[in-house]
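Since the structure comes first, as structure tokens, the remarks are kept for the end.
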Amino acid sequence: MDTCHILIVEDNPLTIEGWERDIRDFNRRSEKAFEFRQSFATNKREALQKLSRQRFDCAVVDLRLPISPDEQGTGEPVGNDVLHGVLRDLGIPAWVYSGYESEVSEEIKASNIKVARKEGGATAAILEDFEKQAGLMDAMDQMRCKVAQETSLLFNRSIWPRWEKRWAKREDRELIKGIITRQTVAHVAEALSQAPSHHPDEFYVVPALYEDRLETGDILTHEAETLIVLTPRCNLANNKLPTKIMFAVCAPCDAWARWQGNLGGPTKVKERAEDDIGKHATQGHAIATHFMPPLETRGPWLVDFRELRVVDSSKVNELLQHRIATVAPQFLANLVQRHAAYLGRIGQPEIDATLLIDLCQAATHAPVNDGAA
Numbered sequence: 001m002d003t004c005h006i007l008i009v010e011d012n013p014l015t016i017e018g019w020e021r022d023i024r025d026f027n028r029r030s031e032k033a034f035e036f037r038q039s040f041a042t043n044k045r046e047a048l049q050k051l052s053r054q055r056f057d058c059a060v061v062d063l064r065l066p067i068s069p070d071e072q073g074t075g076e077p078v079g080n081d082v083l084h085g086v087l088r089d090l091g092i093p094a095w096v097y098s099g100y101e102s103e104v105s106e107e108i109k110a111s112n113i114k115v116a117r118k119e120g121g122a123t124a125a126i127l128e129d130f131e132k133q134a135g136l137m138d139a140m141d142q143m144r145c146k147v148a149q150e151t152s153l154l155f156n157r158s159i160w161p162r163w164e165k166r167w168a169k170r171e172d173r174e175l176i177k178g179i180i181t182r183q184t185v186a187h188v189a190e191a192l193s194q195a196p197s198h199h200p201d202e203f204y205v206v207p208a209l210y211e212d213r214l215e216t217g218d219i220l221t222h223e224a225e226t227l228i229v230l231t232p233r234c235n236l237a238n239n240k241l242p243t244k245i246m247f248a249v250c251a252p253c254d255a256w257a258r259w260q261g262n263l264g265g266p267t268k269v270k271e272r273a274e275d276d277i278g279k280h281a282t283q284g285h286a287i288a289t290h291f292m293p294p295l296e297t298r299g300p301w302l303v304d305f306r307e308l309r310v311v312d313s314s315k316v317n318e319l320l321q322h323r324i325a326t327v328a329p330q331f332l333a334n335l336v337q338r339h340a341a342y343l344g345r346i347g348q349p350e351i352d353a354t355l356l357i358d359l360c361q362a363a364t365h366a367p368v369n370d371g372a373a
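Take a look at the structure:
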């Protein structure tokens, strides 16, 4: 990224001058990840308006602010309201810069938003910290651009024509808002998931998708084992949970350590390890197990469909405290399908292979006319 758009919410003229000076000095550096382009807001109302109408890559917010241009500072930490907007609606790196850092709300304390006390050198340090996050801000900006492009495409090809033909006649606007939202999310997810390959990190959603209920594909620890929820989503989504919830054991993938050693070995050994890893990445191994890649310091695992656990649904709240992650939706379908395929094995009586070999040897080599021609 060439330009980092920063919003600074501050009502003190001297502090604003300090920000302008430090940004000017930063932009004059010969080596830098980007240049800052600053925008200032001196009260809560102006800050919220700018956040809703302009694009920003990062923000710095004071706590004690006037609510509007016509009011003096209240002495209350209304900057928390601005920070809540940043946290809930935007998803950009942010700092609290205040002389009353103890007044930060509990929600902000629990987030990744950082806090700095107003003192000498702090503003320059905040700018340097934002520079370290240049890659993150650039990735988020590119993501938003792609989402906007796909949304625009869907709007022109589908939403607008359907509005004119059908939806404009409906009085229930909330219903139409829901339809458009779900259609857009589904389209964007499908369009952007058509990559030729995915990073192993994309296998998981961290933290888990839902805070207050279990979901198929949730991974958790229970009684010294790592488990994954196999109970169907339709059962878990209903208001009435089943009396029991089914899990499969996520066994450590013991082959991982062997592959690590072999990847540094002779060519044939290395190639064999690479081939084996590739087969596991595409689930080209025994149907009784399902490979899940490493997750930070945990894993990798083999979900073992032969090792099932059943836990009483009354323990759901306890289980929620020990969740690690959720298998991402685009990978969950294959896990469910492989589990169903494993359960669907019927088998057959064993045919004597020796007799089959005899039949093959005795068979004529001439083409057989079975009447199909």
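1 is the number of the first residue of the sequence shown in our numbering; add one for each residue after it. Glycine included, every Cβ here is placed at the ideal spot set by N, Cα and C.
Where the alpha helix (DSSP H) through residue i begins and ends
i      : result
Gln361 : Ala353 to Ala362
Phe56  : Neither: Phe56 is in no alpha helix (DSSP H) and is coded neither H nor E.
Trp167 : Here Trp167 belongs to no alpha helix (DSSP H), and DSSP marks it neither H nor E.
Lys109 : Glu106 to Lys109
Ile126 : Ala122 to Lys132
Gln260 : Ala255 to Asn262
Asn80  : Gly79 to Gly85
Start and end residues, beta strand (DSSP E) containing residue i
i      : result
Glu35  : Glu35 to Ala41
Ile245 : Lys244 to Pro252
Distance, residue j Cα to residue i Cα
i      : j      : result
Phe155 : Thr181 : 11 angstroms
Leu87  : Pro300 : 32 angstroms
Phe56  : Lys315 : 44 angstroms
Gly99  : Ser105 : 15 angstroms
Leu236 : Ala208 : 15 angstroms
Trp95  : Asp11  : 16 angstroms
Ala281 : Pro242 : 33 angstroms
Lys279 : His290 : 11 angstroms
Val9   : Ser111 : 19 angstroms
Val336 : Thr231 : 10 angstroms
Glu17  : Glu103 : 24 angstroms
Ile159 : Gln54  : 25 angstroms
Met1   : Asn27  : 14 angstroms
Ala373 : Ala363 : Residue placement at Ala373 is flagged as unreliable, the pLDDT there being 49, under the threshold of 50; a coordinate-derived value is accordingly withheld.
Arg29  : Arg173 : 52 angstroms
Asp304 : Lys114 : 42 angstroms
Glu128 : Ala33  : 10 angstroms
Tyr204 : Leu7   : 32 angstroms
Trp163 : Glu190 : 22 angstroms
Arg258 : Ala59  : 47 angstroms
Thr267 : Pro294 : 25 angstroms
Gly265 : Val310 : 42 angstroms
Gly388 : Lys244 : Residue 388 lies beyond the range of the chain shown here (1 to 373); nothing can be said about it.
Leu355 : Pro349 : 14 angstroms
Gln361 : Ile346 : 30 angstroms
Cys4   : Pro161 : 37 angstroms
Ile357 : Gln260 : 41 angstroms
Val61  : Ala288 : 53 angstroms
Ser313 : His339 : 21 angstroms
Val229 : Glu211 : 15 angstroms
Leu320 : Glu223 : 14 angstroms
Trp19  : Leu220 : 46 angstroms
Arg45  : Pro69  : 8 angstroms
Arg170 : Thr184 : 19 angstroms
Arg166 : Arg144 : 29 angstroms
DSSP bridge partner residues for residue i (one or two, in chain order)
i      : result
Thr326 : Val205 and Asp218
Ser197 : Partner(s): none; Ser197 has no beta bridge.
Val229 : Phe247
Met292 : Trp301
Secondary structure of residue i, DSSP reduced to three states
i      : result
Tyr400 : With the chain covering 1 to 373 only, the question about residue 400 has no answer from this structure.
Ile6   : strand
Ala286 : coil
Arg272 : helix
Ala186 : helix
Val402 : Nothing about residue 402 can be reported from this structure: the residues present for the chain run from 1 to 373 only.
Glu307 : strand
Asp22  : helix
Asp312 : strand
Leu153 : helix
Arg298 : strand
Met140 : helix
Val147 : helix
Val61  : strand
Ala224 : coil
Asp11  : coil
Tyr398 : Coverage of the chain is limited to positions 1 through 373, which leaves residue 398 absent and any answer about it impossible.
Ile159 : helix
Asp172 : coil
Asp70  : coil
query: Counting Cβ pairs closer than 8 angstroms, one from the region 41-59 and one from the region 77-88, do we hit at least three?
result: Taking 8 angstroms as the limit for Cβ pairs, the verdict is that the region 77-88 does touch the region 41-59.
- prompt: Can we say the region 124-134 touches the region 143-155, given the rule of at least three CB pairs closer than 8 angstroms?
  reply: Note that the region 124-134 does not touch the region 143-155; fewer than 3 beta-carbon pairs, one per stretch, sit closer than 8 angstroms.
query: Do the region 213-221 and the region 313-327 meet, that is, are 3 or more Cβ pairs less than 8 angstroms apart?
result: With a cut-off of 8 angstroms, the region 313-327 and the region 213-221 count as touching, because enough Cβ pairs lie within range.
- request: Tell me, please, whether the region 118-128 touches the region 14-34 by the rule of three or more beta-carbon pairs shorter than 8 angstroms.
  value: Flag = yes, the region 118-128 and the region 14-34 touch.
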